[in-house]
Amino acid sequence: MRERDMRPSFVNWPVIALALWAFVLLLAPEARAADADGKTLYVASGCNKCHSLMALNIEVVEDDEAEEEEEEDPFAEEGGEEAEPEDLSGIGARWEHDGEKGLQNWLMKRLEIDGEKHKKRYKGSSSDLKALTAWLMTLTEPAPAE
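Here the sequence shown stands for residues 0 to 145, numbered as in numbering that gives the first Met the number 0.
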């Protein structure tokens, strides 16, 4: 027999396993989203353009871009002045509207609370929305006292 025929047949298994793993990741966007960090999604989704998260030292950042969407402002007070959106520190302990699913509906503007809907509709993927809301529901620490 030749030397080449004497090699064990498992030599190609690492290549096969890597290809299978890549194939599974391509078919399962939820697997990729599960790896996404909630804090990263929070910032990437622009949540910090309105809401601070002082328990994690995330402050509101100014949005330099002009708003393209003309939506009714649920934070506007009767005098025409905008009320400041709440800090989301501890939101997981305070949220009382059907848990994570209710938070998803709120962010998608499918849930009305006290006659109001969320100011902006979440525009990311459904898997990112699930990862973001799961992370938000873990936030139980209130903002530090000033």
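From the three backbone atoms N, C-alpha and C, an ideal C-beta is built for every residue, glycine too.
If you draw a straight line from the Cα of residue 13 to the Cα of residue 21, it is about 12 Å long. For residue 54, the CB contacts under 6 Å within the same chain, skipping 5 residues up- and downstream, are 88, 140, 142 in chain order.
An exposed status is given to residue 18, since fewer than 16 other beta-carbon atoms sit within 10 Å of its beta-carbon.
With a cutoff of 8 Å on beta-carbon distance, residue 134 and residue 117 are scored as not near each other.
Distance from the CA of residue 108 to the CA of residue 138, rounded to the nearest whole angstrom, comes to 22 Å. By DSSP's assignment, residue 115 forms a beta bridge with 112. Note that the C-beta distance between residue 136 and residue 98 is below 8 Å. Closest by C-alpha distance to residue 124, out of 103, 110, 113, is 103.
For residue 138, the secondary structure class from DSSP, reduced to helix, strand or coil, is coil. Listed as beta-bridge partners of residue 57 by DSSP are 52.
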